[in-house]
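**Q**
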Amino acid sequence: EDQVTQSPEALRLQEGESSSLNCSYTVSGLRGLFWYRQDPGKGPEFLFTLYSAGEEKEKERLKATLTKKESFLHITAPKPEDSATYLCAVRMRDTGGFKTIFGAGTRLFVKA
Amino acid sequence: DTGVSQDPRHKITKRGQNVTFRCDPISEHNRLYWYRQTLGQGPEFLTYFQNEAQLEKSRLLSDRFSAERPKGSFSTLEIQRTEQGDSAMYLCASSLESLRKDTQYFGPGTRLTVL
Chain X
1 EDQVTQSPEA LRLQEGESSS LNCSYTVSGL RGLFWYRQDP GKGPEFLFTL YSAGEEKEKE
61 RLKATLTKKE SFLHITAPKP EDSATYLCAV RMRDTGGFKT IFGAGTRLFV KA
Chain P
1 DTGVSQDPRH KITKRGQNVT FRCDPISEHN RLYWYRQTLG QGPEFLTYFQ NEAQLEKSRL
61 LSDRFSAERP KGSFSTLEIQ RTEQGDSAMY LCASSLESLR KDTQYFGPGT RLTVL
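Just so you know, the sequences run in chain order X and P. Numbering-wise (the numbering used here), the first sequence opens with residue 1 and increments by one. Numbering-wise (the numbering used here), the second sequence opens with residue 1 and increments by one.
(1) Spatial neighbours of F21/P within its chain, please: CB distance less than 6 Å, with the 5 preceding and 5 following residues excluded, ordered by chain position.
(2) Are there 16 or more other CB atoms within 10 angstroms of the CB of Q6/X, so buried, or fewer, so exposed?
(3) Alpha carbon to alpha carbon, how far is G3/P from A77/X?
(4) To the nearest angstrom, report how far apart R24/P and F74/P are at their CA atoms.
(5) Which residues, in order along the segment 86 to 101 of chain X, keep a beta-carbon less than 9 Å from a beta-carbon of chain P?
(6) Give the range of the beta strand (DSSP E) segment to which T85/X is assigned.
(7) Under the DSSP definition of a beta bridge, which residues are partnered with E44/P?
(8) Would you identify the three-state DSSP class for G54/X, choosing helix, strand or coil?
(9) So the candidates are P43/P, G42/P, Y105/P, L112/P; which of them puts its Cα closest to the Cα of S27/P?
(10) I need the DSSP call for D86/P, collapsed to helix, strand or coil.
(11) Do we get a CB-CB distance below 9 Å when we pair V114/P with the residues of chain X?
(12) Anything in the segment 51 to 82 of chain P with a Cβ closer than 8 Å to a Cβ of chain X? List those residues in chain order, please.
(13) Does the pairing of the segment 59 to 77 of chain X with the segment 41 to 51 of chain X give three or more beta-carbon distances under 8 Å?
(14) Could you tell me whether any Cβ in chain P is nearer than 9 Å to the Cβ of Y25/X?
(15) Who does H29/P pair with in a DSSP beta bridge?
(16) Please classify Q6/P: is it buried, with 16 or more other beta-carbons within 10 angstroms of its beta-carbon, or exposed?
(17) If you draw a straight line from the alpha carbon of T113/P to that of G54/X, how long is it in whole angstroms?
(18) Is it true that the segment 4 to 23 of chain X meets the segment 79 to 86 of chain P, where meeting means three or more beta-carbon pairs spaced less than 8 Å apart?
(19) If you follow the beta strand (DSSP E) that Q6/P is in, where does it begin and where does it stop?
(20) Which chain X residues are close to F45/P, counting only those with a beta carbon under 9 Å from its beta carbon?
(21) CA-CA distance, G105/X and L33/X?
(22) Less than 9 Å separating the beta-carbons of A84/X and W35/X?
(23) Kindly indicate which residue of S94/P, F49/P, T47/P has the alpha-carbon position closest to the one of E45/X.
(24) Shortest alpha-carbon distance to N18/P belongs to which of Q80/P, R36/P, P8/P, R64/P?
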């Protein structure tokens with residue numbers, strides 16, 4: 001069964017304490033892996049798209065990497081404004097086309 | 001602003017009433033998606049359109065739910081005879097379908113509360 005699992009469910013960091021969020025997937029025919037940031041009560045905000053194992057993308061304090069089984073979102077020296085839920089989504093081949101499955105997200109809290 | 005917009009942002013209704021939500025995608029995007037999200041969960045796919053054609057519907061989409069995209073631009077999602085279990089955030093996203101790029105951009109969502 002196609003599955004996307006994010007860990008940990010919640011992560012509490014001190015400001016400046018770097019860490020990584022994990023997104024593992026068991027799918028066939030990966031079309032793309034997407035990272036989003038979601039603030040409470042708002043829609044997901046696009047961060048990165050990764051298409052191939054070994055690919056990396058960076059934006060400010062965030063860096064996303066992709067292997068054949070998982071993706072990591074590395075957060076370097078986080079600030080309180082990085083506090084949000086980070087969602088991972090995988091687009092894959094499905095009968096007759098493609099489908100997108102989201103993980104449940106990792107809630108990140110960064111304390112000053 | 002050229003992002004995805006949704007209206008209304010919040011809707012409170014009584015059980016049994018019908019509600020309709022609207023989504024305006026990014027203008028050049030040919031694909032439009034509807035998702036439902038409950039607290040602590042990621043978005044769950046409901047349906048999507050390529051231009052005006054509804055290409056896929058999730059099993060989550062009961063007969064009480066219907067979506068349209070009449071001219072391939074904006075879309076509406078209607079829920080008939082609402083139930084308390086329909087309370088959720090309804091998200092719309094759009095994308096430009098091409099060989100490589102299939103990134104979905106989301107709107108702010110419509111928060112539905114069914115009393």
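A virtual CB, placed ideally from N, CA and C, is assigned to each residue, including glycine.
**A** This is what the structure gives:
(1) L77, Y90, T110
(2) Q6/X is buried by the Cβ-count criterion.
(3) 30 Å
(4) In the sequence on display, residue 24/P carries Asp and not Arg. Annotation: D24/P to F74/P spans about 5 Å, alpha carbon to alpha carbon.
(5) L87, C88, A89, R91, D94, G96, G97, F98, K99, T100, I101
(6) From DSSP, the beta strand (DSSP E) with T85/X extends over 84 to 94.
(7) Bridge partners of E44/P: R36/P.
(8) Judged by DSSP in its simplified three-state form, G54/X adopts coil rather than helix or strand.
(9) Y105/P
(10) helix
(11) no
(12) L55, E56
(13) yes
(14) So no, Y25/X is outside the interface.
(15) In DSSP, H29/P forms no bridge with anything.
(16) Per the 10 Å Cβ criterion, buried.
(17) One C-alpha to the other measures close to 43 Å.
(18) no
(19) 5 to 7
(20) Within chain X, the residues near F45/P are K99, T100, I101, F102.
(21) 14 Å
(22) Judged by their CB atoms, A84/X and W35/X are not nearer to each other than the 9 Å cut-off.
(23) Nearest neighbour of E45/X by Cα position, chosen from S94/P, F49/P, T47/P, turns out to be S94/P.
(24) Q80/P
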